[in-house]
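Structure first, commentary second.
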Amino acid sequence: ARMDPDQKVRVIWLLCLIWCLQEGPDALIRDELRRFCKPEHNRINNFVQLLKLASSTCQHFIPSDESLPVLCPKEMTQEAFNCLSASVILLIDECFDAVSEDEYELEKLG
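If you're matching positions, the sequence shown starts at 519 in this note's numbering and goes up one per residue.
So this is what it looks like as structure tokens:
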């Protein structure tokens, strides 16, 4: 379902995702990403879409100071972007070899 980035439910979802990515053991996250890249699972596109949704939710809070200041202050927004950036780096680190061999998957990810 589509939600506006300013909906509180989407903010809470974002905070839960960020918490899981930030507090989860690095080895476990890397294992899951490797598993997403395997042809039998092929869920890497779903994870990329999840990261894109999280990024667009974060971007909603940058221009305006009145956007849910209690739930998402500037420091938390910056921390969320840092965590998403680290997740993208992990994704590239773990899945680049598997995905770069398949032209169709590269096109889908773009």
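We put the CB at the ideal spot given by N, CA and C, even for glycine.
Given this structure, state the Cα-to-Cα distance separating residue i from residue j, to the nearest angstrom.
i	j	result
Ser-574	Glu-612	24 Å
Ile-610	Arg-548	11 Å
Ala-510	Arg-552	With the chain covering only 519 through 628, there is no way to say anything about residue 510.
Leu-569	Cys-601	10 Å
Pro-543	Glu-625	30 Å
Thr-595	Ile-536	10 Å
Ile-562	Asp-615	13 Å
Leu-608	His-578	24 Å
Glu-621	Ser-603	24 Å
Gln-525	Gln-567	19 Å
Lys-592	His-559	37 Å
Gln-540	Cys-534	10 Å
Asn-564	Glu-550	13 Å
Hey, residue i and residue j are a contact pair by Cβ (cut 8 Å); roughly how many whole angstroms apart?
i	j	result
Cys-555	Val-617	6 Å
Find the nearest neighbour of residue i within the set the options, judged by alpha-carbon distance.
i	options	result
Cys-538	Ala-598, Glu-558 and Cys-576	Ala-598
Leu-532	His-559, Glu-550 and Cys-576	Cys-576
Glu-619	Pro-557, Asn-564, Ala-572 and Leu-571	Pro-557
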